[in-house]
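Here the protein sequences line up with chains A and B, keeping their order.
Using the working numbering, the first residue of the first sequence is number 1, and each one after it goes up by one.
Using the working numbering, the first residue of the second sequence is number 1001, and each one after it goes up by one.
See below for the structure under consideration.
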Amino acid sequence: EPEVTQTPSHQVTQMGQEVILRCVPISNHLYFYWYRQILGQKVEFLVSFYNNEISEKSEIFDDQFSVERPDGSNFTLKIRSTKLEDSAMYFCASSSPGLLNNEQFFGPGTRLTVL
Amino acid sequence: RKEVEQDPGPFNVPEGATVAFNCTYSNSASQSFFWYRQDCRKEPKLLMSVYSSGNEDGRFTAQLNRASQYISLLIRDSKLSDSATYLCVVAGDSSYKLIFGSGTRLLVRP
């Protein structure tokens, strides 16, 4: 069964450093998303991406964040200058508008720890 | 009012029990509804979409009441492996972004 993959599974970084989180969505999906979940809190939407551009973003997704689809398979989230409060699980998801209800499937996540 | 509201639980039930979770959402224009399950420190996994007519998948039954903005999930014949957090999820009225509830924790004991 096709699945979303993410690397790395765990990233530790120093405050102020740049990090890039990588995702490989399900191959025939067209919509891509990033969500985050701070420990003990609910899952929060960050950004959606379609047709090589951002289709929607949340208030969390400020100028420190960017997304890119550098090739036909990868989808990345970059945080330019990490803050302590960026520590969270970051989940990538993908969906296909052809699917009933546009169901989104999530990757296993990257645990980001900012020291 | 929270966008998606759930009882956090935990619900502690014996194997074989029937358990029901409820959820309310605030945006009456919401179009799509889902139940996901999340195991500790893992990703949300889609359990089922929820349709207006109600739908069933094995031991799981989901119901949607648009008038009351209320979603439910019924689990019959609970298994130990059903222990998880159940997330009520709503998609926006004009977007695909998912809005998550905080989840209801279920513990199934032997």
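Built from N, CA and C at the ideal position, the CB exists for glycine as well.
At what residues does the beta strand (DSSP E) containing residue i begin and finish?
i	result
E44 (chain A)	44 to 50
E56 (chain A)	53 to 57
S95 (chain A)	88 to 95
R116 (chain A)	Not covered by the structure: residue 116 (chain A). The range shown for chain A is 1 to 115.
F1096 (chain B)	Just to set this straight, residue 1096 (chain B) is Tyr in the shown sequence, not Phe. Segment: none, Y1096 (chain B) is in no beta strand (DSSP E) and carries neither H nor E.
C1023 (chain B)	1019 to 1025
I1071 (chain B)	1070 to 1075
R1001 (chain B)	Careful: R1001 (chain B) lies outside any beta strand (DSSP E) and carries neither H nor E.
E1056 (chain B)	1055 to 1057
Y1051 (chain B)	Y1051 (chain B) -> no beta strand (DSSP E), and no H or E assigned at all.
R36 (chain A)	31 to 37
V12 (chain A)	10 to 13
Q6 (chain A)	5 to 7
Can you check DSSP and say which residues form a bridge with residue i?
i	result
P25 (chain A)	Answer is none; P25 (chain A) lacks a bridge partner.
F105 (chain A)	A:S94
Y78 (chain A)	A small fix is needed here, since residue 78 (chain A) is Lys in this sequence, not Tyr. According to DSSP, K78 (chain A) bridges with A:I20, A:S66.
D1039 (chain B)	D1039 (chain B) is not bridged to any residue.
K1045 (chain B)	B:R1037
S1032 (chain B)	B:A1091
F1060 (chain B)	B:D1057, B:I1075
V1108 (chain B)	B:V1013
Comparing C-alpha positions only, which one of the options sits nearest to residue i?
i	options	result
S1049 (chain B)	B:R1105, B:A1091, B:S1081, B:D1077	B:A1091
R111 (chain A)	A:Q11, A:E1, A:Q6, A:P2	A:Q11
G1058 (chain B)	B:Y1086, B:D1077, B:L1106	B:D1077
P1008 (chain B)	B:T1061, B:R1109, B:F1100	B:F1100
P2 (chain A)	A:A93, A:T113, A:V114, A:L115	A:A93
Q104 (chain A)	B:L1106, B:S1032, B:T1024, B:A1084	B:S1032
L115 (chain A)	A:S81, A:L30, A:S95	A:S81
I79 (chain A)	A:N51, A:W34, A:H29, A:S95	A:W34
F91 (chain A)	B:V1019, B:V1004, B:R1041	B:R1041
N1027 (chain B)	B:N1065, B:P1110, B:S1083	B:N1065
Q1069 (chain B)	B:V1019, B:A1084, B:T1024	B:T1024
L1106 (chain B)	B:E1005, B:A1020, B:Q1063, B:N1055	B:A1020
L30 (chain A)	A:G107, A:P97, A:T113, A:F106	A:P97
Rounding to the nearest angstrom, what Cα-Cα distance links residue i and residue j in this structure?
i	j	result
Q14 (chain A)	D86 (chain A)	11 Å
K42 (chain A)	D71 (chain A)	31 Å
S1030 (chain B)	S1052 (chain B)	12 Å
S9 (chain A)	N74 (chain A)	16 Å
W1035 (chain B)	S58 (chain A)	22 Å
F61 (chain A)	A1017 (chain B)	42 Å
L119 (chain A)	K83 (chain A)	Residue 119 (chain A) is absent from the model: chain A starts at 1 and stops at 115.
N1013 (chain B)	L1080 (chain B)	Sequence inspection shows Val at residue 1013 (chain B); the Asn mentioned does not correspond to that position. Their Cα atoms are separated by approximately 10 Å.
G16 (chain A)	M89 (chain A)	18 Å
V116 (chain A)	P25 (chain A)	Chain A is shown only over 1 to 115; residue 116 (chain A) falls outside these bounds and no answer can be derived.
C56 (chain A)	N102 (chain A)	According to the sequence as given, residue 56 (chain A) is Glu; it is not Cys. C-alpha separation (whole angstroms): 16 Å.
S27 (chain A)	S1072 (chain B)	32 Å
I1075 (chain B)	V4 (chain A)	27 Å
P1044 (chain B)	F1060 (chain B)	17 Å
Just to check, is the beta-carbon of residue i closer than 8 Å to a non-hydrogen atom of the ligand ADP?
i	result
S81 (chain A)	Among the components of this structure there are no ligands whatsoever, and the ligand ADP is therefore not found.
Please decide whether residue i counts as near chain C, where near means a Cβ-Cβ distance under 9 Å.
i	result
A1084 (chain B)	This model lacks chain C altogether; the protein chains it does include are A and B.
TODO: With 8 Å as the limit, tell me which residues of the segment 33 to 44 of chain A have their beta carbon closer than that to any beta carbon of chain B; keep them in chain order.
DONE: Y33, Y35, Q41, K42, V43, E44
Open item on the list: At a CB distance below 7 Å, what residues from the segment 101 to 113 of chain A approach chain B? Give them in sequence order.
Closed with: N101, N102, E103, Q104, F105, F106, G107, P108, G109
Task: Contact set between the segment 76 to 92 of chain A and chain B, restricted to residues whose Cβ is under 8 Å from the partner - done: M89, F91
- [ ] Quick one: which residues of the segment 43 to 70 of chain A get their C-beta closer than 8 Å to a C-beta of chain B? List them in chain order.
- [x] From the segment 43 to 70 of chain A, only V43, E44, F45, S48, S55, E56, S58 have a Cβ closer than 8 Å to chain B.
Open item on the list: Closer than 7 Å between beta carbons: that is the criterion. Which residues of the segment 1047 to 1058 of chain B meet it against chain A?
Closed with: S1049
Open item on the list: If the cut-off is 9 Å on Cβ atoms, which residues from the segment 1091 to 1106 of chain B count as contacting chain A, listed in chain order?
Closed with: A1091, G1092, S1095, Y1096, K1097, L1098, I1099, F1100, G1101, S1102, G1103
Task: chain B contacts made by the segment 11 to 28 of chain A, where a contact means CB separation under 7 Å - done: Residues are counted here when their Cβ sits less than 7 Å from a Cβ of chain B; for the segment 11 to 28 of chain A the count is zero.
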